[in-house]
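Per my numbering, the sequence shown starts with residue 23, numbered consecutively. In this text, a Cβ means the ideal position worked out from N, Cα and C, and glycines have one as well. Here the structure is a predicted model, which is why all the values come from computation and not from measurement. Working notes, structure below.
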Amino acid sequence: LLGKTKEPNLQPLSLLDKLLPVYEELFLQLANAGAEWVQIDEPCFCLDSGQPFLPELAVAYRRLASVSPRLRIMIAAYFGGFGENLSAVLQLPVSAVHLDLSRAPQQLDTFFSEAPAPLSLSAGLIDGRNIWRTDLGQALKLAEHAIKKRGTDRLFIAPSCSLLHVPVDLDLETEMDNELRGWLSFAKQKVEETVLLARAVSDRSGNVAQALDANRATMLKKQTSARIHNEQVKQRLASVTKRMLQRESPYPARRKLQQESLRLPLLPTTTIGSFPQTSDVRAVRAEFKAGKRDLANYEAFLRTEIEKAVRFQEEIGLDLLVHGEFERNDMVEYFGEHLSGFSFTQNGWVQSYGSRCVKPPIIYGDVSRPKPMTVAWSQYAQSLTTKPMKGMLTGPVTILKWSFVRNDQPLADTCRQIALSIRDEVGDLEAAGIRVIQIDEPALREGLPLRRDEWKEYLAWAVDAFRLATSGVSDKTQIHTHMCYAEFNDIIEAIGALDADVISIETSRSQMELLGTFKEYKYPNEIGPGVYDIHSPRVPSRDEMVSLLASALKVLSPAQLWVNPDCGLKTRQWKEVRASLAAMVEAARTLRQSVA
Ligand code: GLN
Ligand code: ZN
23 LLGKTKEPNL QPLSLLDKLL PVYEELFLQL ANAGAEWVQI DEPCFCLDSG
73 QPFLPELAVA YRRLASVSPR LRIMIAAYFG GFGENLSAVL QLPVSAVHLD
123 LSRAPQQLDT FFSEAPAPLS LSAGLIDGRN IWRTDLGQAL KLAEHAIKKR
173 GTDRLFIAPS CSLLHVPVDL DLETEMDNEL RGWLSFAKQK VEETVLLARA
223 VSDRSGNVAQ ALDANRATML KKQTSARIHN EQVKQRLASV TKRMLQRESP
273 YPARRKLQQE SLRLPLLPTT TIGSFPQTSD VRAVRAEFKA GKRDLANYEA
323 FLRTEIEKAV RFQEEIGLDL LVHGEFERND MVEYFGEHLS GFSFTQNGWV
373 QSYGSRCVKP PIIYGDVSRP KPMTVAWSQY AQSLTTKPMK GMLTGPVTIL
423 KWSFVRNDQP LADTCRQIAL SIRDEVGDLE AAGIRVIQID EPALREGLPL
473 RRDEWKEYLA WAVDAFRLAT SGVSDKTQIH THMCYAEFND IIEAIGALDA
523 DVISIETSRS QMELLGTFKE YKYPNEIGPG VYDIHSPRVP SRDEMVSLLA
573 SALKVLSPAQ LWVNPDCGLK TRQWKEVRAS LAAMVEAART LRQSVA
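Structure representation (structure tokens):
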């Protein structure tokens, strides 16, 4: 059901009949190999109420259940509740159902009132999606409630989901202080918590009692820790007004002032921020981090890289320049390292997609910005040129989404705290003479909740956070944002509500397909649909970019259109970047003549 089909009228479910024999064969092989249980993950059951449980699925499970009497099936879904689907799922001919009780504990009541007596419950009590130590007392209460209803025979204690989303082992974090470490639990520790909880159900003596006591003491101390709670931040958050979420004037008035200040040509050219993070750049940073280079030396190196990048951009004739982000290892980590309330691991790697791994920061406390984070670099870059220099920041939603987040306050509050810090940075950039500031929000869309009925609430606070971060500037300052995905249909109104002066988006791989969305919605501000794919080393020709831009002009007015690549260039080689950007500038020049 979650697969994407290419043929327009193909219903994915019509493939079920072909798929089932493959599953049956697999089940048989497992049974013959001695397996007693098979867990089937069905995360689609946690999706919308708009996706009703389909009778075909009951038929499918009946077939699977009859493959072998020795094989028992457990259905699992997580990151939310089964919702309206739970009643139907409980009637499937399976032996157990796994519930994510860390995200959706309210499911337990439905389970008890509707599950047939022989059905086992797998109680996902340990949060597998976050790195916090479990409040064992609280989890135990739920477990005991379950036992009262069902007895211990048909109960599993489990993490809420697979442990693929948390780092492997907290014991490897030798540099972390004991207080913070005491609050955390990685995959290995979560397995230990799971076992401890299962033991505590029947045995509260000796080691178990000790562990429970220690856990209770840690939880209590954490609640009031001065390291987490910063009164100043809380007060500032409480004093945020509606006015602070709004630019001084609506976009048309801002546009005029920005044009006077920036004097950009029609179809202005720019890039998304980063230039190649060459092995040189990475090696020098590694040396600096290892203490083999002092700060002055490292900064001198970065200044040289920035100057080279600025000269290159001037040479090929780009209109709005960037400093190149050479000082950043990662667009979230860099900001986390400069903000209070964040911590980092040495080895906390988790898979992000495919074979790519990331080491997300941990947001453990109230967030504030002790001092400017990027101003010196942007100011230096601007001092090298008379062309406008774009300040470059990561947005609050993306910083939140790509970190491990606090579980002791609503996400919206954490996000607003980050937004206030970014707002301070935006203000300082403006005061330092930076006239254009881009706030990247590539994670805005992936933050959408699984269930559509929760979208509105999420989008409301996500949009507000962006507006809080960006609305403190004068009308003359141009705010850009950037998002790297092409599926906007669902959230186009929220994108409009960000009220950024300019948005750059990924489109080249979809041949500007998504511009249809912008046409229908009549996006009022300026847009830079990426004209070439930065994921590929291929150097695009001027003419292909001219034709992409021409198709964009069927939907957008020339006054709205910016010319830029799809995303940042940090993974590319200079050789490709030089050629591609030079061709891109030529493409803009060519087109300017025909629309002027
Ligand atoms: N400014 C960032 C860069 O250019 C944006 C990266 C992103 O959108 N993921 O690298
Ligand atoms: Zn991007």
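Residue i at chain B interface by Cβ criterion, 8 Å
i, result
"Leu186", "Checking the listed chains, one finds no chain B in this structure; it contains a single protein chain."
Alpha-carbon to alpha-carbon, residue j and residue i
i, j, result
"Pro546", "Leu79", "45 Å"
"Gln54", "Val116", "The sequence shown places Asn at residue 54, rather than the Gln named in the question. Approximately 19 Å, taken between the alpha carbons."
"Arg614", "Tyr543", "26 Å"
"Phe510", "Thr132", "36 Å"
"Thr407", "Arg457", "13 Å"
"Phe49", "Ser90", "8 Å"
"Lys2", "Asp430", "Absent from the model: residue 2. The displayed extent of the chain is 23 to 618, so no value can be given."
"Ala411", "Leu342", "A small correction: the amino acid at residue 411 is Met; Ala does not occupy that position in the sequence shown. Each residue's Cα considered, the two are about 6 Å apart."
"Val262", "Lys243", "29 Å"
"Ser493", "Gln268", "5 Å"
"Met266", "Thr196", "43 Å"
"Arg92", "Leu194", "41 Å"
"His360", "Pro181", "33 Å"
"Val213", "Val389", "30 Å"
"Ala572", "Gly550", "13 Å"
"Val577", "Leu583", "10 Å"
"Leu164", "Ile95", "24 Å"
"Thr246", "Leu202", "14 Å"
"Val81", "Val190", "39 Å"
"Ala57", "Gln51", "9 Å"
"Trp399", "Lys381", "25 Å"
"Val230", "Asp316", "49 Å"
"Arg221", "Gly469", "36 Å"
"Phe426", "Gly159", "23 Å"
"Ala604", "Phe364", "40 Å"
"Ile62", "Ala487", "38 Å"
7 Å Cβ shell around residue i - same chain, five flanking residues per side excluded
i, result
"Leu279", "Asp497 and Lys498"
"Phe67", "Ala99, Phe104, Asn107 and Val111"
"Phe672", "With the chain covering 23 to 618 only, the question about residue 672 has no answer from this structure."
"Ala610", "Leu289, Thr291 and Val585"
"Ala618", "Leu288"
"Pro392", "Ser362"
Cβ neighbours of residue i in the same chain (closer than 6 Å, five flanking residues each side left out)
i, result
"Ala161", "Leu147 and Leu219"
"Tyr320", "Phe310"
"Glu452", "Val495 and Thr499"
"Asp555", "Ser530, Arg531 and Asp588"
"Gly339", "Val607"
"Gln401", "Ala454"
"Met353", "Thr416"
"Arg176", "Ser142"
Residues bridged to residue i [DSSP beta-bridge criterion]
i, result
"Val60", "Ile95"
"Lys412", "Val458"
"Val372", "Val380"
"Met622", "Residue numbering for the chain in the displayed model covers 23 to 618; residue 622 lies beyond these limits and cannot be assessed."
"Val119", "Ile97 and Leu143"
"Leu206", "Trp154"
"Phe366", "BP columns for Phe366 are empty, so no partner."
Residue of the options minimising C-alpha distance to residue i
i, options, result
"Arg438", "Asp450, Ile421 and Gly449", "Ile421"
"Arg594", "Val303, Ala260, His120 and Pro30", "Val303"
"Glu215", "Ser301, Arg350 and Asp149", "Asp149"
"Gly449", "Arg473, Phe426 and Val397", "Val397"
"Phe297", "Phe323, Lys40 and Glu347", "Glu347"
"Ala516", "Lys409, Pro551, His360 and Arg467", "Arg467"
"Leu192", "Cys183, Ser207 and Leu202", "Ser207"
"Ile97", "Cys183, Glu29 and Lys28", "Cys183"
"Gln254", "Ser443, Gln51 and Asp316", "Ser443"
"Leu433", "Pro418, Glu447 and Arg445", "Pro418"
"Gln113", "Tyr83, Ala126, Gln460 and Ala236", "Tyr83"
"Leu42", "Gly159, Arg85, Trp59 and Trp483", "Arg85"
"Asn369", "Ala604, Ala209 and Ala484", "Ala209"
"Pro138", "Trp154, Arg172, Thr612 and Glu166", "Arg172"
"Asp512", "His504, Phe540, Arg489 and Ile525", "Phe540"
"Asp435", "Leu259, Val188, Glu47 and Pro140", "Leu259"
Contacts around residue i, its chain only, beta-carbon distance under 8 Å, and the 5 residues preceding and following it disregarded
i, result
"Asp523", "Tyr273, Arg276, Arg277, Gln280, Gln500, Ile501, His502, Asn547 and Glu548"
"Leu186", "Val372 and Gln373"
"Cys379", "Trp371, Val372 and Gln373"
"Leu643", "The chain is shown from 23 up to 618; residue 643 falls before or after that span and cannot be answered."
"Leu1", "Here the chain covers residues 23 to 618 and nothing more, so residue 1 does not appear."
"Arg226", "Leu234"
Only counting runs of 3 or more residues, tell me where the beta strand (DSSP E) segments fall wholly within the stretch 544-602, in order along the chain.
-> Inside the stretch 544-602, DSSP marks whole beta strand (DSSP E) runs of 3 or more residues at positions 548-551, from first to last along the chain.
Hey, which unbroken runs of the alpha helix (DSSP H) at 4 residues or more fall wholly within the stretch 144-199?
-> Fully contained in the stretch 144-199 are the following alpha helix (DSSP H) runs of length 4 or more, in chain order: 158-172.
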